[in-house]
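Engineer:
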Amino acid sequence: YGSTTAVDTLETLLEQRRALSHRVGFESFGHMALEDKMAKSPSHVDEFLRGLATQAQPRWNSAINTLYQIKAKTRQGQQQMFPWDRDFWMSKQQMDKGALPSLHPYFSLGRVVLGLSRVFKNLYGVELRAASPQPGEIWHPEVRKLEVIDEDGRPLGLIYCDVFARSSKAHVGAAHFTARCARRIDDDIEVSAASAPHSSQTVVERDGQRFQLPVVVLICDFPVPAEGSPSLLSWSNVETIFHEMGHAMHSMLGQNGFHNVAGTRCPVDFVELPSILMEHFARSPHVLSLFASHYKTGAPLPLELVTKHAERRREHAALDLHAQLFMSALDQRYHSPVLDPLGTGAKGWSTRSLVELHKDPMFSDGPGASFFGHVSDTQWQSRFTHLIGYGASYYSYLFDRVLAGQIWDQVFLGDQSQQLQATGNPLSRRAGERFKTEVLRWGGGRDPWQSLAAVLDNGNMRHGEIDAVAQGSKSAMRIVGGWKLPDI
26 YGSTTAVDTL ETLLEQRRAL SHRVGFESFG HMALEDKMAK SPSHVDEFLR GLATQAQPRW
86 NSAINTLYQI KAKTRQGQQQ MFPWDRDFWM SKQQMDKGAL PSLHPYFSLG RVVLGLSRVF
146 KNLYGVELRA ASPQPGEIWH PEVRKLEVID EDGRPLGLIY CDVFARSSKA HVGAAHFTAR
206 CARRIDDDIE VSAASAPHSS QTVVERDGQR FQLPVVVLIC DFPVPAEGSP SLLSWSNVET
266 IFHEMGHAMH SMLGQNGFHN VAGTRCPVDF VELPSILMEH FARSPHVLSL FASHYKTGAP
326 LPLELVTKHA ERRREHAALD LHAQLFMSAL DQRYHSPVLD PLGTGAKGWS TRSLVELHKD
386 PMFSDGPGAS FFGHVSDTQW QSRFTHLIGY GASYYSYLFD RVLAGQIWDQ VFLGDQSQQL
446 QATGNPLSRR AGERFKTEVL RWGGGRDPWQ SLAAVLDNGN MRHGEIDAVA QGSKSAMRIV
506 GGWKLPDI
């Protein structure tokens, strides 16, 4: 299992990265990659991961025990578990409980985009308006153009949405691309309208200064609707488009005048925060009530059905978190000063390192150790493709999930009771303006730790904790690692 050729290529890449880091004076590629990130160093990442693991171990041990019981009952007392058992018994558990009614009929694409516009209007005073493209402006008839308008009717930028799957389209999944960044252009060389026919749509004057407005593209891979039927999305699809629109709104509102730090041009372990925060809105019953209705009858999405789907999704969230923690730790190990745990330098060191990580108490504690253990003659790392693009930064998505969860709880839900959190209204203009002012508008032009501390400093957290977060030190990473577990 796993390609030997791929492993050889991976090991060569990791060795070259280490050599490069040494050439420019760093202890390892991890130290070099993290110097300008929020984490700052590999030891800080380790502090965060271990903090989360300490919280999560009881959860995933409980989930594993449940799967053990299901297997023992089904297979006449057999209790030994293997890594490949995970997905099978998780699916078996879901099947035994029966399928829930689908949410698709309540999520037509048009209604979802309307819901997004209503969310942005409530939070930031911003709305999305459909616009007609000029000849030659779009690359496919399915692409839709949206104008982003502030509450005074002024343009903030353009979003091109290319959301349906097709054979001629690059298979990138879901993504946000900046086609043209926001920046001041007072001293730019003038470009005639004849050579840039669409430029007039994205240049405005503010207080005597000229600004180039952002143009972004959202790519999704949603199924093409049947003829005569609207495009119906799954709840996961809804979360996806909310996520990507979170990036888009960062681009729209993060206009600080400088192209290199505008919008999403910020540290990689901060850039996912606005987009993951939008996923919380996509799961809020109050937000869903703004747009989720049956495409045929117009009946609103039943709250009890949302609750059942949410509970079903959370059943195995702890096991998913374990996988994310393991991959984050493996990424750190592969970019550490010592690549081969035996020090031999012989080929196959990445597998030996993988085996050693499985023995770490962070992952192997409890009765489910064999469930997550290494299997001889396998090379799982050959399938971990994120090692290429996320070298030493794979922890970022998990890190931003925790940050987004904390902001959701402390800023948008405040100190409401758990009962109110289930049905409370997170669409507070005050909270939205706070997030816009302290996070979004800065783009990458401010220390993210300062932005994080400022947005959380609303009276719901201890001042000592806020001050420690603002410092962005190892203790700050320890504090974040102790925050509420994401989505479980």
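Going by our numbering, the first residue of the sequence shown is number 26, and it counts up by one from there. Don't be surprised by glycine CBs; every beta carbon is placed ideally from N, CA and C. All values derive from a computational prediction rather than experimental measurement.
Can you grab the Cα-Cα spacing for the pair S442 / G140, in whole Å?
Structural biologist: With a pLDDT of only 42 at S442, under the threshold of 50, the placement of this residue in the model should not be trusted; the figure read from the coordinates follows. Taking the straight line joining both Cα atoms gives about 26 Å.
Engineer: Give the secondary structure of L153 by DSSP, where H, G and I count as helix, E and B as strand, and everything else as coil.
Structural biologist: Three-state result, L153: strand.
Engineer: When you compare only the Cα positions, how much space is there between T227 and F283?
Structural biologist: Looking at the two C-alpha atoms, the distance is approximately 16 Å.
Engineer: In terms of residue numbering, what span does the beta strand (DSSP E) encompassing A204 cover?
Structural biologist: Element bounds for A204: A200 to R205.
Engineer: Can you tell me the Cα-Cα spacing of W474 and G323, whole angstroms?
Structural biologist: The straight-line gap from Cα to Cα measures roughly 44 Å.
Engineer: Along the alpha helix (DSSP H) that carries L59, what are the first and last residues, could you check?
Structural biologist: Looking at the DSSP string, the run of the alpha helix (DSSP H) that includes L59 is F54 to L59.
Engineer: What residue range does the alpha helix (DSSP H) around Q349 cover?
Structural biologist: Start and end: A342 to Y359.
Engineer: Are the beta-carbon atoms belonging to G271 and L302 less than 8 Å from one another?
Structural biologist: For G271 and L302, yes; Cβs fall inside 8 Å.
Engineer: Assuming L364 is part of the beta strand (DSSP E), what are its boundary residues?
Structural biologist: Counting along the chain, L364 falls outside any beta strand (DSSP E), and DSSP gives it neither H nor E.
Engineer: Please state whether DSSP places S314 in a helix, a strand or coil.
Structural biologist: In the structure shown, S314 sits in coil (DSSP, three-state: anything other than H, G, I, E or B).
Engineer: Comparing alpha-carbon positions, which option in D33, L59 and T30 lies nearest Y415?
Structural biologist: The residue with the shortest Cα to Cα distance from Y415 is L59.
Engineer: Check the C-beta distance from L153 over to F145 and give it rounded, since I have them as a contact under 8 Å.
Structural biologist: Yes, L153 and F145 are in contact; Cβ-Cβ is about 7 Å, under 8 Å.
Engineer: I'd like to know if the stretch 406-414 and the stretch 106-119 are in contact, where contact means that at least 3 CB-CB pairs between them fall below 8 Å.
Structural biologist: Verdict: no, contact absent.
Engineer: Have a look at R487, G469, R471 and V464 and flag the residue whose alpha-carbon is nearest the alpha-carbon of V480.
Structural biologist: Comparing Cα positions, the closest option is V464.
Engineer: Would you kindly work out how many angstroms separate the C-alpha atoms of E252 and A195, rounded to a whole number?
Structural biologist: Taking the straight line joining both Cα atoms gives about 24 Å.
Engineer: Can you tell me whether R337 sits near the ligand ADP, meaning its C-beta is under 7 Å from at least one heavy atom of the ligand?
Structural biologist: Within the structure as shown, the ligand ADP is missing, as the structure has no ligands at all.
Engineer: Nearest to Y149 by CA position, among G507, R454 and P130, is which residue?
Structural biologist: Y149 has its Cα closest to that of R454, out of G507, R454 and P130.
Engineer: Is the number of C-beta pairs between the stretch 398-405 and the stretch 373-384 that are closer than 8 Å three or more?
Structural biologist: At 8 Å Cβ cutoff, the stretches touch.
Engineer: Roughly how many whole angstroms lie between the Cα atoms of H305 and R209?
Structural biologist: For H305 and R209, the distance between alpha carbons rounds to 33 Å.
Engineer: Can you give the beta carbon distance from I513 to R339, rounded, assuming they're within the 8 Å contact cut?
Structural biologist: Rounded, the Cβ-Cβ distance is 6 Å, consistent with contact.
Engineer: Below 8 Å, how does it come out for the stretch 51-71 and the stretch 312-319: are there three or more Cβ pairs, yes or no?
Structural biologist: Too few Cβ pairs lie closer than 8 Å, so no.
Engineer: In the DSSP output, what is Y422 paired with across the bridge?
Structural biologist: According to DSSP, which records beta bridges pairwise, Y422 is partnered with nothing at all.
Engineer: Along the beta strand (DSSP E) that carries F189, what are the first and last residues, could you check?
Structural biologist: It spans P180 to F189 - the beta strand (DSSP E) in which F189 sits, taken as one unbroken run.
Engineer: On the DSSP letters alone, give me the boundaries of the beta strand (DSSP E) that F236 sits inside.
Structural biologist: Unbroken beta strand (DSSP E) run through F236: Q234 to Q237.
Engineer: For H165, collect the residues of the same chain with a Cβ closer than 7 Å to its Cβ; drop the 5 residues on either side in sequence, then sort them by chain order.
Structural biologist: Hits under 7 Å: D187.
Engineer: Return the chain-ordered list of same chain residues with a C-beta closer than 6 Å to the C-beta of F437, the five sequence neighbours on each side being excluded.
Structural biologist: These residues qualify, in order along the chain: P451 and A456.
Engineer: Between which residues of its own chain and Q349 is the CB-CB distance below 7 Å, once the five residues before and five after are set aside?
Structural biologist: Cβ within range, chain order: L423.
Engineer: Can you say whether L45 is buried or exposed, counting buried as having 16 or more other CB atoms within 10 angstroms of its CB?
Structural biologist: It counts as exposed.
Engineer: Mind listing, in chain order, the continuous alpha helix (DSSP H) runs of no fewer than 4 residues lying wholly within the stretch 40-90?
Structural biologist: The qualifying runs are 54-59.
Engineer: Should the stretch 256-272 be called in touch with the stretch 122-138, which here means at least 3 C-beta pairs below 8 Å?
Structural biologist: The answer is yes - the stretch 122-138 touches the stretch 256-272, with three or more Cβ pairs under 8 Å.
Engineer: Where does the unbroken alpha helix (DSSP H) through L278 begin, and where does it stop?
Structural biologist: Segment W260 to L278, the alpha helix (DSSP H) holding L278.
Engineer: With a CB to CB cut of under 7 Å and the five nearest residues on each side skipped, what residues in its chain are close to I95?
Structural biologist: Around I95: W114, K117 and Q118.
Engineer: For W508, which residues in the same chain have their Cβ closer than 6 Å to its Cβ, ignoring the five residues on either side in sequence?
Structural biologist: The answer, listed in chain order, is V427 and Q431.
Engineer: Mapping the DSSP letters down to three states, classify L171 as helix, strand or coil.
Structural biologist: Strand at L171.
Engineer: To the nearest angstrom, report how far apart L38 and Y419 are at their CA atoms.
Structural biologist: Approximately 16 Å between the Cα atoms of the pair.
Engineer: In or out: E458 buried (at least 16 other Cβ within 10 Å) or exposed?
Structural biologist: Flag for E458 reads exposed.
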